[in-house]
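Enquirer: To convert, note that position 141 of the sequence shown is 140 in numbering that gives the first Met the number 0; the numbers rise steadily by one, no gaps.
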Amino acid sequence: MRRVCLTLPTNRACTETLLAVAEEAAHGARTFDVEVHLLILDSSDAPALAGHRAAVAALPPVPGVVVHHLDEDEQRGFLQEVTSRSGADAPERLLDLMLPSRISYGACTNRAFLLAEALGCTSVHRRDSDSRYQYLDGEPVFPLHHELTALGRPAAEVSGLVTRSRLDPACAHRPVALVGGSFVGEMSVDVEEIRRLDPAVYEEVIGLSLPAGLPEIWRRNQIAQSFRGAGTTSFTGDLTTLTSVSPTHVDMCNIALDREVYGRVPLSPATDTIGSDYVLTHLVHDARLPGVLHNRHIVNFHTKDRRTDAGFLAYQIRFAKFLLAGGHLQSVYAATKAAGNALLDADGHLRADLVAGLVRDSTRVDPTENAGRLDVLERSYRALGGRYATAADALAGRRAQLLDEAVRDMEDFALLIDSWAGLTRAARATPLTADPTRPTAGSITVAYAGGEVRRGPLTMGQANMVRCMLRDEPEHINIHDVWPVPEGTGPDAVVEALRTLVVRHEALRTTFPHAPGETPREQAVADRGTFTLTLLDHPELPDDAAGYADSLARRARVERFRLDRDFPLRLSLVTLRGAPAFVTMAASHALTDVGALTVLRREWLALLAGTPLDPPASLTPLDLAAQEASPAGLRTSAASLRHWERVIRTGPQAMFAEPGAEGTEAPMPRLTLRSQRAARALARVCARTGALPSTVLLSAWAVLIAHRTRQSACVMAVPTSNRYHPRLAQAVNTLSQDALLLLDVQVPTFDVLVKKAWGAALNAYRHSQFDAVALWEMIGDTTFARGSRFTRDVVFNDVSTLPAAPSPHPAEPGNEQAAPELELAWGPEQVLPTRALAFVRAIEPAVHLDLWADPALLGPAGAEALLTGLVRLLEEAADHDVPLDSLTEVTGVRPVERGPGWQRIDGCWTSPQLVAATLSKALAGLPVHVTADTPDDGAPPGGSLTAYIAAGSTPLTPEQAHAALMDALPGRPGVLAPHRYVIVQNPPAEADRSSAWLRQHTLTEGTGRPPADTT
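(1) From the DSSP secondary-structure annotation, give me the bridge partner or partners of H124.
(2) Give the secondary structure of S245 by DSSP, where H, G and I count as helix, E and B as strand, and everything else as coil.
(3) Answer with buried or exposed for G326, where buried requires no fewer than 16 other C-beta atoms within 10 angstroms of its C-beta.
(4) Which runs of the beta strand (DSSP E) at least 3 residues long sit entirely within the stretch 442-470? Give them in chain order.
(5) Between the stretch 90-103 and the stretch 61-70, can you find at least three pairs of beta-carbon atoms closer than 8 Å?
(6) Specify whether the stretch 38-50 and the stretch 134-148 touch according to this definition: at least 3 beta carbon pairs, one from each stretch, less than 8 Å apart.
(7) Which class does S1018 belong to by DSSP, given the choice of helix, strand or coil?
(8) With burial defined as no fewer than 16 other Cβ atoms inside 10 Å of the residue's Cβ, what is the status of I478: buried or exposed?
(9) I'd like the span of the beta strand (DSSP E) that includes E521, first residue to last.
(10) Buried or exposed: which applies to F141, given that a residue is buried once 16 or more other Cβ atoms fall within 10 Å of its Cβ?
(11) Per DSSP, what are the beta-bridge partners of D536 in this structure?
(12) Evaluate F300 with the Cβ neighbour count: other Cβ atoms within 10 Å of its Cβ, from every protein chain shown; 16 or more gives buried, anything less gives exposed.
(13) Within its chain, find whatever has a CB closer than 7 Å to the CB of V646; leave out the 5 residues flanking it on each side and keep chain order.
(14) Going straight from the alpha carbon of R527 to that of R498, what length do you get?
(15) Under 8 Å: do the stretch 634-649 and the stretch 774-784 share three or more Cβ pairs, one atom per stretch?
(16) Sort G27, L18, R1, D197 by Cα distance to A53 and report the nearest one.
(17) Please classify D737: does DSSP put it in a helix, a strand, or coil?
(18) Taking only the alpha-carbon atoms, compute the straight-line gap between E958 and G786 and give it to the nearest angstrom.
(19) Smallest Cα separation from A426: which of F77, T663, L135?
(20) Going by the DSSP bridge assignment, what does I1021 pair with across the sheet?
(21) Note the first and the last residue of the continuous alpha helix (DSSP H) segment covering L40.
(22) By Cβ distance, which residues of its chain are closer than 6 Å to S698, with the 5 residues on each side in sequence left out?
(23) Starting from L361, trace the alpha helix (DSSP H) in both directions and tell me its first and last residue.
(24) Using alpha carbons as the reference points, say which of L865, H961, M459 lies closest to A625.
(25) In angstroms with no decimal places, state the Cα-to-Cα distance between D849 and D797.
(26) So, helix, strand or coil for R998, using DSSP?
(27) By how many angstroms is the C-alpha of R556 removed from the C-alpha of L376?
(28) Among P977, R998, P986, which has the Cα closest to the Cα of G1005?
(29) Quick one: give me the first and last residue of the alpha helix (DSSP H) that G396 is part of.
(30) Using C-beta distances below 8 Å, list every residue in its chain close to L312, excluding the 5 sequence neighbours before and after it, in chain order.
(31) Let me check understanding here. Comparing Cα to Cα, which of V278, R788, Y764 lies closest to A324?
(32) What does a CB cutoff of less than 6 Å around A506 pick up in its chain, not counting 5 residues either side in sequence?
(33) I want to know whether the stretch 519-538 touches the stretch 438-455 - three or more CB-CB distances under 8 Å.
(34) Compare the beta carbon distance of L606 and E486 with 9 Å and say whether it is the shorter of the two.
(35) Got a sec? Which residues, its chain only, sit under 6 Å from S943 by beta carbon, not counting five neighbours each side?
(36) Mapping the DSSP letters down to three states, classify Y723 as helix, strand or coil.
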């Protein structure tokens, strides 16, 4: 099997990029007959390195992917052995060139080249830490796909696999040596600020990077195109070209090279510079070696460290060294272009001796040319002023050193080329072994047959989840589970039990056929097929084996399920020296929910124990869809929509409408509460009041949220299993949908609230079966008319009532771990489209609750106070009723202080000043003044907002103003649309006084909404 090396060199924290590149490696191994060696060369500081190690440890093993994560000490150990074996006269000098103490883009890639040789790889595929992938239809667009398709194959074979060919037929017999694309997004060289400050200075500075003697029209065109890659156009479809690839059309973050290229000539090891790693692209082009140019461009972004004063100055020094290196490299490129085919030996391979000679010749270019470059750069930076003037001073102070280093870098490069053959030969004799603690990965394909072929419409729950799966990130919407395997169970029994479940439950044999770009409208049940079980055998399992298994399952959630073809369970069998320990899975939420996975786990354990299963009595998804389409089912859905409409029309549009609440999603760390104190107190509250534990917990959380946000009512999304009907209780299907709870907390005591919450929750649960498409149409119409934006900003998900499977590994007597009295523990971040998500996992023997809270609103102290406040409230209510006006004293949770100008209008907290600023921005800066009118002013109950807009010569109607503001509402929960828009010609002199706006001539006015339907 062909081995390839996908490498990510980094010197900064880049966990997100690391995980994305790991996903690309998995794609390559799944799609092609290759073994992908994911090589992470890590020069990061200790905290970033630790974060990367944790991320690598959590990577799910993938058949065909071998991960190598080497810090600098590990890289140095390998290089010391290679340099000493190379036969070079000065191995210490070569070690310095391969692993310099300063930043070198070329050196880090050269290390990847030698490590790839040690691993027996035939190609190197490079990515960068400051880049990410584009997406198409929710799927990442991986360059590796085109790289593995073409690299190393004769161009004549590849010509039929690309969109078009521009290659000289005389080169068709040669193998493809390079496959690459460019980037989109921010400029590859961070000089956009110079262009904004002074376009003339920008042209002069960028002109220093171009060869002398270009015709003026070419020069201006190249300046305009420099460092912009493929611009900003998003990927819409593949375009591949077989050609002699121009070096200016590829970026080193998006390139793959055949070993016959990098195995003969390395990159320049120059330090503290940029652009030193493009020599091989010039050699491939000038030697007329075939390449493939593709448009799977990578998204480039600039890291924050460049914006600091120290980072800015360091970058300007690198940029200066890049320009000075150009004075030498341009002479090399001119010579390689002239050499053409002479760059190749008789076997068609690059001639390292010739390239080394050309590099040495470049050290003899006229030094006044580079001195002139520095003169222009210094003068230009002084003209820009500010921190550029500081950079000019730094360049002047290092002038002689910079000029000397430009020559010395080329001398070092020539030395490295001379020594490269010995280094690659030694690397091939210095094997790099994989981490022995990582599991051995494999897979088996399991065939099944049974049931009948069926086809029909989606259920309401499926339609809702399909919509979410097409819209949301997969790690947010997919679910996961871990099933411990009973001791003594063999692998065959595990597989056979899984096969039986697939045949038994139609949902596991269901897909959603649909055309690309369309939303599925029907489901298809198969009577036969296959699924894949990944096998992960471990020499040892970590101490926290269950936590490790959970991390594998969680990591498997990040890949999107393809609704039209994928099996709905992504299964892995974790074994310890061949003995099954866990089955881990990520599951498609379009066909399963937590309740369904619980049913599957219980039945799977029964099968392993030899217990016969009763015939399925639950409704299948297709049977449920038919029931929902009946007159009774349609009435249920319509009633649910009426309930939701009432809540959205009358309740707070957002609980967390306050300063700091911005955006539609945020990264949130997990905070976990485990507390026996809370469990004992909860049991006592239930015994005293006769209420259910779920109702008491729901009441306590709702009133705490309302107290913290100073709201008179709490609106929460409360996912419900919808399994109360006997024929749905054991169904394997996605039944869970949101119940929308509106709980008025304006009651005197906690006991009264609990009684009220029971009825409110029951009413919400009764209205949690709905047509998702119709629901969102209703939400759009209702919020547009109200001038609000529905935000699911508080979610309370209680799964503690779901039956849990018995543990197959009960603790031995005397070894039970007591649950903590009260423990708070912080966990990993997750990006969520909410402000506060509470997930109740258990209520005995300890309350186990996970909280994800927006850190901009509830920082670490605020989140911890909320959970400890919950425990304190339960303990206070354990023996007696609690007056709700004492919540601050009882819980320690203090209501938010919104500051001046915030008012409650139409049941929603809002700031007229914030509304005015948002509306002005939505109208391209037109002057806006917003007033809050109370019932005493003649406004309706709850108050209203009036917006005064000075349109000037801009044609504007209230309808246009309202539509513009509604488009701007997402991510602004503190903005409520005005109830009336008054358009005037010009703003008054006293633009901050409402009375002054009233005296202006009104051009037109209105609500901006369509007339209410009175039919």
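Glycine included, C-beta positions come from ideal geometry on N, C-alpha and C.
Expert: On the basis of the data shown:
(1) What you label residue 124 is simply residue 125 of the sequence shown in a count that begins at 1. Answer by DSSP bridge pairing, in chain order: L5, A255.
(2) In the sequence shown, residue 245 corresponds to position 246, counting from 1. Of the three classes helix, strand and coil, the one that applies to S245 here is coil, per DSSP.
(3) Within the sequence shown, numbered from 1, the residue matching residue 326 stands at position 327. Buried, by the Cβ-count rule.
(4) 453-456
(5) no
(6) no
(7) Nothing about residue 1018 can be read from this structure; the chain reaches only from 0 to 1014.
(8) Against the sequence shown, residue 478 aligns to sequence position 479. I478 is buried by the Cβ-count criterion.
(9) The sequence position of residue 521 within the sequence shown is 522, counting from 1. That run of the beta strand (DSSP E) goes 521-524.
(10) Mapped onto the sequence shown, residue 141 falls at position 142. Label assigned to F141: buried.
(11) On the sequence shown, residue 536 is found 537 positions in, with the first residue counted as 1. According to DSSP, D536 bridges with T439, T574.
(12) Counting from 1 along the sequence shown, the entry for residue 300 is found at position 301. Counting Cβ neighbours within 10 Å, F300 comes out exposed, since fewer than 16 surround it.
(13) In the sequence shown, the residue the question calls residue 646 occupies position 647. The residues are V714, L739, L741.
(14) Position 528 of the sequence shown holds residue 527. Position 499 of the sequence shown holds residue 498. Going by the C-alpha atoms only, they are around 11 Å apart.
(15) yes
(16) Along the sequence shown, read from residue 1 onward, the residue named residue 53 stands at position 54. Checked all of G27, L18, R1, D197; the closest Cα to A53 is L18.
(17) For the purposes of this step, residue 737 is identified with residue 738 of the sequence shown, where counting begins at 1. Looking at D737 - three-state DSSP - the assignment turns out to be strand.
(18) Along the sequence shown, one-based indexing puts residue 958 at 959. Along the sequence shown, one-based indexing puts residue 786 at 787. Roughly 12 Å separates the two Cα atoms.
(19) Numbered from its first residue, the sequence shown carries residue 426 at position 427. Nearest option by C-alpha distance: F77.
(20) Any answer about residue 1021 is impossible in this case: the structure gives the chain only from 0 up to 1014.
(21) Sequence index remark: in the sequence shown, residue 40 carries index 41 (1-based). Not the alpha helix (DSSP H): L40 falls in the beta strand (DSSP E), residues 33-41.
(22) If you number the sequence shown from 1, residue 698 lands on position 699. Hits under 6 Å: L752, V753, A756.
(23) If you number the sequence shown from 1, residue 361 lands on position 362. Here the sequence assigns Ser to residue 361, which means Leu is not the residue at that position. It spans 351-361 - the alpha helix (DSSP H) in which S361 sits, taken as one unbroken run.
(24) Locating residue 625 in the sequence shown gives position 626, counting from the first residue. That would be M459, whose Cα lies nearest to the Cα of A625.
(25) In the sequence shown, residue 849 corresponds to position 850, counting from 1. In the sequence shown, residue 797 corresponds to position 798, counting from 1. Roughly 10 Å between the two C-alpha positions.
(26) By one-based count along the sequence shown, residue 998 stands at place 999. The answer is coil: DSSP assigns R998 none of H, G, I, E or B.
(27) Counting from one through the sequence shown, the residue named residue 376 turns up at place 377. Counting from one through the sequence shown, the residue named residue 556 turns up at place 557. Rounded to the nearest angstrom, the two C-alpha atoms are 50 Å apart.
(28) Here the question's residue 1005 lines up with position 1006 in the sequence shown. Residue P977 is the option with its Cα nearest to G1005.
(29) Here residue 396 refers to the residue found at position 397 when the sequence shown is read from its first residue. From DSSP, the alpha helix (DSSP H) with G396 extends over 386-396.
(30) Position 313 of the sequence shown holds residue 312. Closer than 8 Å at the Cβ level, and outside the excluded window around L312, lie R386, T389, A390, A393.
(31) Here the question's residue 324 lines up with position 325 in the sequence shown. For the residues V278, R788, Y764, the minimum Cα distance to A324 belongs to V278.
(32) Looking up residue 506 in the sequence shown gives position 507. Closer than 6 Å at the Cβ level, and outside the excluded window around A506, lie L590, P620, V731, N732.
(33) yes
(34) For the purposes of this step, residue 606 is taken as the residue at position 607 of the sequence shown. For the purposes of this step, residue 486 is taken as the residue at position 487 of the sequence shown. Their beta carbons are not under 9 Å apart, which means L606 does not touch E486 by this criterion.
(35) As a working note, residue 943 is residue 944 in the sequence shown. Within the same chain, S943 has close Cβ partners D932, H978.
(36) Your numbering for residue 723 matches position 724 in the sequence shown. In the structure shown, Y723 sits in coil (DSSP, three-state: anything other than H, G, I, E or B).
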